Each structure stands twice: as structure tokens, then as C-alpha cells.
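A.B. asks: Once you've had a glance at the structure underneath, I'll fire off some questions.
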Amino acid sequence: MRTKPYQTAVALFDEVELLDVAGPISVLSSAGRQWNFQPFKIELVAKRIGAIATRSALTLAATHSASSHTGCECLIVPGGYGARQAAEDPEFVAWLARAASGAEHVAAIGNGVWLLARAGLLDEHEVAASPDLAMQISELCPSARPNSRDPLCSSGKFSSVSKSALALDLSCEIVARCFGQKLASTLSAQLGIDWQGELGALDIVAGPLLPK
Numbered sequence: 001m002r003t004k005p006y007q008t009a010v011a012l013f014d015e016v017e018l019l020d021v022a023g024p025i026s027v028l029s030s031a032g033r034q035w036n037f038q039p040f041k042i043e044l045v046a047k048r049i050g051a052i053a054t055r056s057a058l059t060l061a062a063t064h065s066a067s068s069h070t071g072c073e074c075l076i077v078p079g080g081y082g083a084r085q086a087a088e089d090p091e092f093v094a095w096l097a098r099a100a101s102g103a104e105h106v107a108a109i110g111n112g113v114w115l116l117a118r119a120g121l122l123d124e125h126e127v128a129a130s131p132d133l134a135m136q137i138s139e140l141c142p143s144a145r146p147n148s149r150d151p152l153c154s155s156g157k158f159s160s161v162s163k164s165a166l167a168l169d170l171s172c173e174i175v176a177r178c179f180g181q182k183l184a185s186t187l188s189a190q191l192g193i194d195w196q197g198e199l200g201a202l203d204i205v206a207g208p209l210l211p212k
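Quick note: the sequence shown uses the working numbering, first residue 1, plus one each step.
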């Protein structure tokens, strides 16, 4: 079992959807807590270090700038109204392309999928998207496979959900991919998340999964 934390970056931009950021951070930071183990080292990355206004009138603080960020193993791309504007920023989109290309796992929520499309990352990949967004992705990237039927999609290293309410489920998928189904199932049960896993197999275990 891996004992080194996954370097994890959460992309931030003004008018980001707060739930898309807070949900994954809450889940990932809870994984392994009872064994004093930190599976994910989380960094908040924006175009510039500093305050980021969310759609919920709360402010987040980006701790790393896109220009100086050195890469990650897991990348989380939230959505929200601001994702559309962020997708028009060449510098931010270029960082996103670099970060995603070097990451082992890339997760997108809602309009975060549009950012991946603008970064040229969705060739031949299936992603969850609303019907309107699916149409736009198809126009921008004809080889992409936007799916407006299934709420959660996995394709290679990419995983995505179409709605913010599913950000917690997506986070459990990340835990499962990085540290296995058992840890993800135990975590989801502890947090009260109705997650059944990518293949619908919920395997809850009561005992610790990592050495003390």
C-alpha cells in the first residue's frame, strides 16, 4: 500500500462553484484521518496567489500560482459560472493542459469539463455533461464523447460528474482509484455518502486498512 501522499491540485478561478471545491477537499482530507495518514496533499492553484471569489459569496485563498506550480498527481477541476470565463484565459488553460498531462488522475465537475475541452484534453474520452454542454463539447472537439445520460463517467485517467451534488461521489472515486475500493467504501460510509463505486460494488469494512 502506498504511504506517500498524492500531490493534489484543485484549480481555482473567480466565480467557481464552492461545492465543487469544498466537497472534494472535505472527502480527500478525511481519508486516512483515523490512522493519522494523509493520502492527499492538497494545493489550491489559480492564475495568481490570493483571494478567489466563489459563487456563494465566500472567498477562497489560492496558495499557488499557475505559472509557478510544478505539477501534480491528481487534478480536480471544479465548475460553476466562472469556468466559462476561465476557459477564455490562455495562460490558465495552458497551465491546466500541463497539469492534466502530467497527472495520473484528472477529475472534473460540471462546467469543469468545458475547461478540459478548451485545454484540448478530451480527444477520444467520455465525459459526463449536461445536454447543452455536451453539444458544445462535440462542436469544439468532435472526437470527444460527452455523455448526458450517465451522471458519472470514467475514461482512462479522466473521471467526471455532470452536477455539483455528485462532487462527493466523484471524490470517493478518486480515493478508490488511488488507494482502493475498501478505503473509499469505508470513508463513504463514515461520511454518510451514498456511494456505490464505479461498478456498483459497495464493500464496507469495519477495521483499519492501513498500518497504525
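Even glycine gets a Cβ: it sits at the ideal position worked out from N, Cα and C.
Just so it is clear, the structure is predicted and the values come from calculations on it, not from any experiment.
1) Based on the DSSP output, what are the partners of A9 in its beta bridges?
2) Got a sec, what are the start and stop residues for the alpha helix (DSSP H) R118 sits in?
3) Distance, Cα to Cα, P142 vs R33?
4) Is it true that the CB of L28 sits closer than 8 Å to the CB of F13?
5) With a CB to CB cut of under 6 Å and the five nearest residues on each side skipped, what residues in its chain are close to E124?
6) Applying the criterion that 16 or more other CB atoms from any shown protein chain within 10 Å of the CB defines a buried residue, is D20 buried or exposed?
7) Starting from I174 and walking both ways along the alpha helix (DSSP H), at which residues does that stretch end?
8) Keeping to the same chain, check which residues put their C-beta closer than 6 Å to that of A108; ignore five residues upstream and five downstream.
9) Measure the alpha-carbon distance for A165 versus E173 and round it to whole angstroms.
10) With a CB to CB cut of under 6 Å and the five nearest residues on each side skipped, what residues in its chain are close to L122?
11) Could you tell me the alpha carbon to alpha carbon distance between S185 and I193, rounded to whole angstroms?
12) Hey, would you say I42 sits closer than 8 Å to V16, going by beta carbons?
13) Select from I52, E73, A94 and A87 the residue whose C-alpha is nearest the C-alpha of A66.
C.D. replies: Working from what's here:
1) E43 and L75
2) G112 to R118
3) 43 Å
4) no
5) S143
6) buried
7) A167 to F179
8) V77, L116 and S160
9) 14 Å
10) L116, C141 and A144
11) 9 Å
12) no
13) A94
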